[in-house]
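Number of protein chains: 2
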Amino acid sequence: MNLKQLSQLLGLSQTTVSRALNGYPEVNEATRERVLRAVKETGYRPNKAAQRLATGKAGSIGLVMPMAPGHQSDIHFGEFLAGLGEEAVRQDFHLVIMPSDPDDEVAALRRLAISGNVDALFVAYMRAHDPRLAMLKSLAMPFIVHGRSFGSEPDYPYLDIDNETAFYDAAKLLLQLGHTRFALINGPAHLDFAIRRKNGVVAALSERGLTLSKNCVSHSLMTDEQGLIAMEQFLQMPERPTAVLCSSTVLALGAIRALNQAGLKLAEDISLIAHDDELPLLKPENFSVPLTTTRSSLRAAGARIAQRLIGTVKEIGSYPEHELWKAELIVRASTGPAPR
Amino acid sequence: MNLKQLSQLLGLSQTTVSRALNGYPEVNEATRERVLRAVKETGYRPNKAAQRLATGKAGSIGLVMPMAPGHQSDIHFGEFLAGLGEEAVRQDFHLVIMPSDPDDEVAALRRLAISGNVDALFVAYMRAHDPRLAMLKSLAMPFIVHGRSFGSEPDYPYLDIDNETAFYDAAKLLLQLGHTRFALINGPAHLDFAIRRKNGVVAALSERGLTLSKNCVSHSLMTDEQGLIAMEQFLQMPERPTAVLCSSTVLALGAIRALNQAGLKLAEDISLIAHDDELPLLKPENFSVPLTTTRSSLRAAGARIAQRLIGTVKEIGSYPEHELWKAELIVRASTGPAPR
DNA sequence: CCCTATGTCCAAAGCGCTTTCAATTATGTA
DNA sequence: TACATAATTGAAAGCGCTTTGGACATAGGG
Chain L
1 MNLKQLSQLL
11 GLSQTTVSRA
21 LNGYPEVNEA
31 TRERVLRAVK
41 ETGYRPNKAA
51 QRLATGKAGS
61 IGLVMPMAPG
71 HQSDIHFGEF
81 LAGLGEEAVR
91 QDFHLVIMPS
101 DPDDEVAALR
111 RLAISGNVDA
121 LFVAYMRAHD
131 PRLAMLKSLA
141 MPFIVHGRSF
151 GSEPDYPYLD
161 IDNETAFYDA
171 AKLLLQLGHT
181 RFALINGPAH
191 LDFAIRRKNG
201 VVAALSERGL
211 TLSKNCVSHS
221 LMTDEQGLIA
231 MEQFLQMPER
241 PTAVLCSSTV
251 LALGAIRALN
261 QAGLKLAEDI
271 SLIAHDDELP
281 LLKPENFSVP
291 LTTTRSSLRA
301 AGARIAQRLI
311 GTVKEIGSYP
321 EHELWKAELI
331 VRASTGPAPR
Chain X
1 MNLKQLSQLL
11 GLSQTTVSRA
21 LNGYPEVNEA
31 TRERVLRAVK
41 ETGYRPNKAA
51 QRLATGKAGS
61 IGLVMPMAPG
71 HQSDIHFGEF
81 LAGLGEEAVR
91 QDFHLVIMPS
101 DPDDEVAALR
111 RLAISGNVDA
121 LFVAYMRAHD
131 PRLAMLKSLA
141 MPFIVHGRSF
151 GSEPDYPYLD
161 IDNETAFYDA
171 AKLLLQLGHT
181 RFALINGPAH
191 LDFAIRRKNG
201 VVAALSERGL
211 TLSKNCVSHS
221 LMTDEQGLIA
231 MEQFLQMPER
241 PTAVLCSSTV
251 LALGAIRALN
261 QAGLKLAEDI
271 SLIAHDDELP
281 LLKPENFSVP
291 LTTTRSSLRA
301 AGARIAQRLI
311 GTVKEIGSYP
321 EHELWKAELI
331 VRASTGPAPR
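Here the protein sequences line up with chains L and X, keeping their order.
So the first sequence is numbered by the UniProt record's numbering: it starts at 1 and just counts up by one.
So the second sequence is numbered by the UniProt record's numbering: it starts at 1 and just counts up by one.
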């Protein structure tokens, strides 16, 4: 069933049927209903390829999926993708993904853009001075960045959470509890969010004249395995930290295992605050000791980005160039006064 | 730059240029070269949407990505996707993904199919009596299944590894080493591969008159966390197993951590064989005790599936309905004679 | 030398939509 | 009653490609 057949069946022109379907105002409501009913009955679906050709819109947003070691297993990416996908499905858009080696991302992005299969791009895992930005800006195709690129001019649309403030606040809380020896189990050092989170901690500490020594910061993939390793190392230090910040509840999972193995008690011997991306598998309140967290939904961010991207493509609604979401500091049981 | 402009520039008809580009035989070689050169110079790229409309082929293959708890973090899926993607990129195809709740997969698959954005489908994570099969078969769109569906007629195209034989062989090896008390750390119980792997083990054991008791089989997500938990439970049994099979090196990672914590020695106290999907992050030879494994590349399987799907769409080459890959049994240091 | 193959190339007809431009009818307004 | 205006609807022209059905040479066969 195509438009022509449908319109003949209704005794209308293709024009009118098309307009009725696409919500144009200049069509009689009675007619529109008749059309809509016929669509239901016949199961008519417009041919996407034809729509694309006629409108120049592909109806899909593209993203490059980092695929090589170091990224592929990232549970956070999956969660974010779920948000993107949710919204995309709702708006009948598609996600076109191009898997790529992280070293080849700029080229992959370009290929995706000129392939003509997407009308907007999305990128994540921003790094400091990210080379993809220049490429994206040269492309004349809408895009949004999740995160920011430390050190680059903020002249690109992004949605990010205020990592700096989140970790500043978290550190501040721990300082107020009397802690002075801090450690940070962070994500990969080159990623923007990791840089900002560290900066947040450093800023809070320096207000009290404290510093965060290099060996009290761990940078790694955000797996529980890595969390465990990092914490084990901290515990072996002569003056071990009493306040630990984690960039993810996944890292926290491993870190806490290390604590347990060492026979240490959360909140009593060591206070821990983790950033909670609201991973459904890993709710901070379900930890044996409920975790104090800075919370911000990764899935919601994904959905919002999809919404903005699709809105831009459809040319409905306009959006602020930048969105910076505040993370919520939620105090649970993993934080307590510094031991003396 | 479009076809029309390009052909005018060359003083040829669109027909000829189109034919030259698509490798039709009825065009003079000299002309073809001239065209190809012009394409290089002008950077002409055919408009995908127009091609799609004219040919009816979308140039992309679709898959539903399980997104809800229980799947989203699956490192194995990422690896498989990398294979799919690699081949897709090579053939200038796209991957269109539709994220979906696992409970909603049938509907998601249908939406994807009728969206007109893909011309072939791929599904994985096959379950016993998988309901998606009936839907796929009703769809008149090429598809391939990774894995099989236990209990369903094998009247659908699939690519699978011979899980049963792989685990049969692995169990056999352990039997020859004198082991009699077996345990299996398996994937989710409803998944086909898990069923077959268990069957393989059971078959090998029953040849010696042995059985695999229910509490010696663990079914869970294939994370190292789960591997650790499973092994811990096995170790608490009065007659603890001496031979353990793991459905993934990821599970093995956790299992071995449990062993270490219990002060047990791999190969000496407990022999372990894991299935190795060749995850780049987790090479069995890099374990502190190199792992005996059954090996089969998940990435290669992904690439092969993409190749078949794309080949079918392009109508080049024909493929066997079924491919069953043998896994390789590779003996390393994690297996040894049964302790007495 | 005529006729049939064979090799090349082209005009034009779609593919199934959207959208411009125009026509037609209904609705007010003076 | 006549005319401007708004409300509906249609015809037809693309969008950029593929492909069918010839056209026109040139070559080979008798």
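Every residue, glycine too, gets a C-beta built ideally from N, C-alpha and C.
Query, Result
"Quick one: is L/K40 near chain X, going by C-beta distance under 8 Å?", "no"
"Identify the contact partners of L/N117 in chain X, using a Cβ-Cβ distance below 8 Å as the criterion.", "K48, G59, S60 and H94"
"For L/I114, return the contacting residues in chain X, with the cut-off set at a CB-CB distance below 7 Å.", "R45"
"Kindly say whether X/D269, judged by its beta-carbon, lies nearer than 8 Å to any beta-carbon of chain L.", "no"
"Restricting to Cα atoms, I'd like to know which of X/L3, X/T294, X/D155 and X/S100 is closest to X/Y168.", "X/T294"
"Give the DSSP-derived three-state secondary structure of L/H155 in the structure shown.", "Here the sequence assigns Asp to residue 155 of chain L, which means His is not the residue at that position. Residue state, collapsed to three classes: coil."
"Please confirm whether L/R90 has its beta-carbon closer than 8 Å to some beta-carbon of chain X.", "no"
"Since L/A107 is in the alpha helix (DSSP H), which residue starts that stretch and which ends it?", "E105 to I114"
"Residues of chain X with CB under 8 Å from L/P131, in chain order?", "Going along chain X, no residue has its Cβ under 8 Å from L/P131, so there is no contact; the nearest lies around 20 Å."
"What span of residues does the beta strand (DSSP E) with L/R295 cover, start to end?", "T292 to R295"
"I'd like to know if X/P69 contacts chain L, where contact means its C-beta is closer than 8 Å to some C-beta of that chain.", "With a pLDDT of only 48 at X/P69, under 50, the local geometry of the prediction cannot be trusted, and the value read off the model is given with reservation. So, interface residue."
"Starting from X/F182, trace the beta strand (DSSP E) in both directions and tell me its first and last residue.", "F182 to N186"
"Would you say L/M98 faces chain X, with C-beta separation under 8 Å as the test?", "yes"
"Is the segment 18–28 of chain L in contact with the segment 20–29 of chain X, if contact means three or more CB pairs nearer than 8 Å?", "no"
"Taking a contact to mean a Cβ-Cβ separation below 8 Å, would you say L/A306 touches L/L84 in this structure?", "yes"
"Under the DSSP definition of a beta bridge, which residues are partnered with X/P66?", "X/S100"
"Would the C-beta of X/W325 count as close to the ligand ZN, meaning under 7 Å from any of its heavy atoms?", "The ligand ZN is absent from the structure shown, which contains no ligands of any kind."
"Only counting the same chain, and skipping five residues up and downstream in sequence, which positions put a Cβ closer than 7 Å to that of X/S152?", "H129, D130 and L133"
"What residues from chain X crowd round L/L53, counting only those whose CB sits closer than 7 Å?", "A49, A50 and L53"
"When you compare each of X/I195, X/Q261, X/M222 and X/Y158 to X/W325 by their alpha carbons, which one comes out closest?", "X/Y158"
"Starting from X/C216, follow its DSSP beta bridges and name the residues at the other end.", "Its beta-bridge partners do not exist; DSSP assigns none."
"Is the shortest distance between the beta-carbon of L/E278 and the beta-carbons of chain X less than 8 Å?", "no"
"Determine, using beta carbons only, whether L/E225 comes closer than 8 Å to chain X.", "yes"
"What number of angstroms, rounded off, separates the C-alpha of L/L264 from the C-alpha of L/G209?", "28 Å"
"Is X/A54 buried or exposed, if buried means 16 or more other CB atoms sit within 10 Å of its CB?", "exposed"
"Considering only residues of the segment 117–147 of chain X, which uninterrupted beta strand (DSSP E) runs meet the minimum length of 3 residues and lie entirely inside it, listed in chain order?", "120–123 and 143–146"
"Whole angstroms is fine: what's the gap from X/A189's alpha carbon to X/L251's?", "15 Å"
"How would you write the range of the beta strand (DSSP E) that L/A243 sits in, first residue to last?", "A243 to C246"
"Secondary structure at L/L10, three-state DSSP: helix, strand or coil?", "helix"
"For L/A38, which option in L/A120, L/A107, L/G11 and L/E315 has the closest C-alpha, if you only look at C-alpha atoms?", "L/G11"
"In whole angstroms, what separates the C-alpha of L/F77 from that of X/Q236?", "36 Å"
"For the segment 169–185 of chain X and the segment 111–128 of chain X, state whether three or more C-beta atom pairs, one from each stretch, are separated by less than 8 Å.", "no"
"Report the rounded CA-to-CA distance for L/G254 versus L/P142, giving the unit in angstroms.", "39 Å"
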